[in-house]
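K.L.:
My questions will all concern the structure given below.
There are 2 protein chains.
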Amino acid sequence: MAVAEAPDWAPEFAERLATDVAIVEGALESLLPAANLLGERPGLAPAMRYASLGGGKRLRAYLALEAAELFGAPSEGAERAAAAVECLHAYSLVHDDMPCMDDDDLRRGRPTVHRRWDEATAVLTGDALQTLAFEILADPRTHADGAVRAELCLGLARAAGAAGMVGGQALDIAAETAAQPLKLAEIERLQALKTGALIVFAAEAGAILGRADPAARAAIRGYAEALGRAFQIQDDVLDVSGDAEAAGKALRKDAAAGKATFVSLLGLEGARARAAELAAEAEATLAPFGARARPLALAARFTVARRT
Amino acid sequence: MAVAEAPDWAPEFAERLATDVAIVEGALESLLPAANLLGERPGLAPAMRYASLGGGKRLRAYLALEAAELFGAPSEGAERAAAAVECLHAYSLVHDDMPCMDDDDLRRGRPTVHRRWDEATAVLTGDALQTLAFEILADPRTHADGAVRAELCLGLARAAGAAGMVGGQALDIAAETAAQPLKLAEIERLQALKTGALIVFAAEAGAILGRADPAARAAIRGYAEALGRAFQIQDDVLDVSGDAEAAGKALRKDAAAGKATFVSLLGLEGARARAAELAAEAEATLAPFGARARPLALAARFTVARRT
């Protein structure tokens, strides 16, 4: 949550984010399995809770909750959708951290699931968290109208699958052994899949729950796409200029691996400028909603001002 | 498909199964991604196709298609539901075969995904196949009524997650290092989760699509539960008495690992008798549907007569 130079809107955003973090933590707390099925065995339920509770920026949950609020969606559905998106995100981190993928020992300042338990537990924990995301969305408590629930499931699946997050991760893995580093357009495409799709879905889920009209929904998508791109560039900026202890994960892995990043292609100042441009673009997309979209506008500013 | 002593109903079942296999293969062919997103890179889309096309008994697809037929569900939805269940099943096999889990080199007579490609591809392929299962069910082409689509997603999620298939697999992994072998009731519980839940959902999906009334749906569930239990016991029987070449996978791993199985607890003949009893029970549960349920009745007989 730390931001550079503490701009004047920072306390307002921090307060709003803290409220939303508490909401999504509460929702996850009640939606995650409390204990293993047969009680006495180690692993699955505790690892699911470990991987998804008590950490992370919760940016996706914030987008879902604030978009839902903007469109007047009922709060229970918004909380469930926010929790579902965070479950999906947590699953992707557990699998991506595995030795055969990014091989990370540390996540959110704690040992990764395969380090704390073992690889089998990491595979199953990720698998179960993905399933739980769909279970939460498909449940009648998320929305009274089945068509809305099905649309949420479809949107999440498209954001998460081979033409979304998993497809992006597969490209990222392939890029590590590619003959030459990716070009800018390829990195933008990769990142749009790997992290952009779920960020866009998070915001769109709020719009779906609030039955936003097509124009409003398109505006929210445009906002989240620009915010997602700013987020990814800022991630690369922080990977070279950030503090690993504050980040709670290993940094500078991309440079060490010789991978092309927004920073290697645009330079540090060029990347910062591009991120700021995209954040401003995201904020401008919210103009039709006026002052009521301020929480979403602050998220765009935060995306590039954050230090972790 | 080979059955012992070729009972007189065997050709009838084989023909029906061959028809359903062709149907689900056709559906999967069109639903799986044809190629990778950016064309030039190895891995994800080919591995998804490799893991889910051209192999397997397709018992789950058969149950979904025949239950849908029994209740007069539209064929496109039935085909999509059958394909979704097979995607989910294929995902579970890809992950379960990984070195950190059951560590198998052979599946359906071919190298497992992590042997043919690598572990990262196996993780991502399984992940994307799970997502695809939900994407297929949530799509409006599966059923015009969103509430039906959401119910299918919810049913699949419950069958697949921590209180279903993944929970069962976690128990199975834990059992390998447990101080003492599992007791009969524990194995039954484990198997009901690990394989029973998805078998029951497969049949129930057909009933959901055909808007079966609660009594009929309960009968289909009862049928599939008994069939699933017979199937699991027969799997243990074939693990000690079967032919690995015909099975297309390694056998006798459980005995080698000192794991309790239905055969170690009931004896080979006792296990065979119990499986036959459960298959008869499954068939009896279909009585209310009369002759129209014959394809499902034959599946119960096949479950215990099969040699692979």
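Read top to bottom, the protein sequences are chains A and B. 1 is the number of the first residue of the first sequence in the UniProt record's numbering; add one for each residue after it. 1 is the number of the first residue of the second sequence in the UniProt record's numbering; add one for each residue after it. Yeah, the Cβ is synthetic: ideal placement off N, Cα and C, and Gly gets one too.
1) What residue range is occupied by the uninterrupted alpha helix (DSSP H) comprising PRO11/A?
2) Among GLY161/B, ILE208/B, ALA22/B, ASP102/B, which residue has its Cα nearest to the Cα of ALA83/B?
3) Might you give, ordered along the chain, the residues of its own chain that have their beta carbon closer than 7 Å to the beta carbon of residue 309/B, omitting 5 neighbours on each side?
4) Please report how far the alpha carbon of LEU59/A lies from the alpha carbon of GLU86/A, in whole angstroms.
5) Does DSSP classify PRO111/B as helix, strand or coil?
6) Would you tell me roughly how many angstroms separate the C-alpha atoms of VAL148/A and GLN130/B, rounded to the nearest one?
7) Just the C-alpha distance for GLY210/A and ALA216/A, rounded to the nearest angstrom, thanks.
8) Can you look up ARG294/A in the DSSP assignment and give me helix, strand or coil?
9) Say whether chain D places a C-beta atom closer than 8 Å to the C-beta of PRO33/B.
10) Name, in chain order, the residues that DSSP records as bridge partners for LEU106/B.
11) Start and end of the alpha helix (DSSP H) containing ARG158/A?
12) Can you pull the chain A residues whose beta carbon is under 9 Å from the beta carbon of GLU269/B, in chain order?
13) Would you say GLN232/B faces chain A, with C-beta separation under 8 Å as the test?
14) Could you name the residues of chain A that ALA45/B contacts, counting a contact when the two beta carbons are closer than 7 Å?
15) Alpha carbon to alpha carbon, how far is ALA299/A from LEU63/A?
16) Would you identify the three-state DSSP class for ARG306/A, choosing helix, strand or coil?
17) Rounding to the nearest angstrom, what Cα-Cα distance links LYS194/B and ILE173/B in this structure?
18) Okay, do the segment 87 to 94 of chain B and the segment 40 to 54 of chain B touch, 3+ Cβ pairs below 8 Å being the bar?
19) Hey, out of LEU238/B, ALA34/B, ALA144/B, GLY270/B, whose CA is closest to ALA247/B's CA?
20) Checking 8 Å against the spacing of the C-beta atoms, do LEU171/B and TYR223/B come in under that value?
21) Give the residues from the segment 119 to 140 of chain B that approach chain A closer than 7 Å (Cβ to any Cβ), ordered along the chain.
22) Whose CA, out of PRO181/A, GLY56/A, ALA226/A, lies closest to the CA of residue 309/A?
23) Between the Cα of GLY164/A and the Cα atoms of CYS153/A, PRO33/A, LEU198/A, LEU28/A, which residue gives the shortest distance?
24) Under a three-way DSSP split, which group does PRO99/A fall into?
25) With 8 Å as the threshold, decide whether the Cβ of LEU154/B is near any Cβ in chain A.
26) Apart from the five residues just before and just after ARG301/A, which ones in its own chain have a Cβ nearer than 8 Å to its Cβ?
27) Residues of chain B with CB closer than 8 Å to the CB of VAL166/A, please, in chain order.
28) Are the CB atoms of LEU65/A and ASP97/A within a distance shorter than 8 Å?
29) Need the endpoints of the alpha helix (DSSP H) that LEU286/B sits in, please.
30) Listed in chain order, which residues of the segment 168 to 195 of chain A have Cβ atoms closer than 9 Å to some Cβ of chain B?
31) Taking the straight line between their C-alpha atoms, what separation do you get for PRO99/B and PRO288/B?
32) Out of GLY267/A, LYS249/A, VAL240/A, point me to the one whose CA is closest to ALA256/A's CA.
33) Please state whether DSSP places THR177/B in a helix, a strand or coil.
34) For ALA175/A, which option in GLU204/A, ASP213/A, THR261/A, ALA34/A has the closest C-alpha, if you only look at C-alpha atoms?
35) Take the Cβ of ARG292/B as the centre, count every other Cβ of all protein chains shown within 10 Å, and call the residue buried at 16 or more, exposed below.
P.N.:
Short version:
1) 10 to 31
2) ALA22/B
3) Not covered by the structure: residue 309/B. The range shown for chain B is 1 to 308.
4) 9 Å
5) strand
6) 21 Å
7) 11 Å
8) helix
9) No chain D is present in this structure, whose protein chains are A and B.
10) PRO111/B
11) 146 to 160
12) Near GLU269/B there are no residues of chain A at all, since even the closest Cβ is about 29 Å away, more than 9 Å.
13) no
14) ALA162
15) 8 Å
16) strand
17) 11 Å
18) yes
19) LEU238/B
20) no
21) GLU119, ALA120, VAL123, LEU124, ASP127, ALA128, GLN130, THR131, LEU132, PHE134, GLU135, ALA138, ASP139
22) No answer is possible for residue 309/A: the residues shown for chain A start at 1 and end at 308.
23) LEU198/A
24) coil
25) yes
26) PRO7, TRP9, PHE13, ALA279, GLU283
27) LEU44, LEU124, ASP127, ALA128, THR131
28) no
29) No alpha helix (DSSP H) contains LEU286/B, which DSSP labels as neither H nor E.
30) GLY168, GLN169, ALA170, LEU171, ILE173, ALA174, ALA175, ALA178, GLU186, ARG189, LEU190, LEU193
31) 46 Å
32) VAL240/A
33) coil
34) THR261/A
35) exposed
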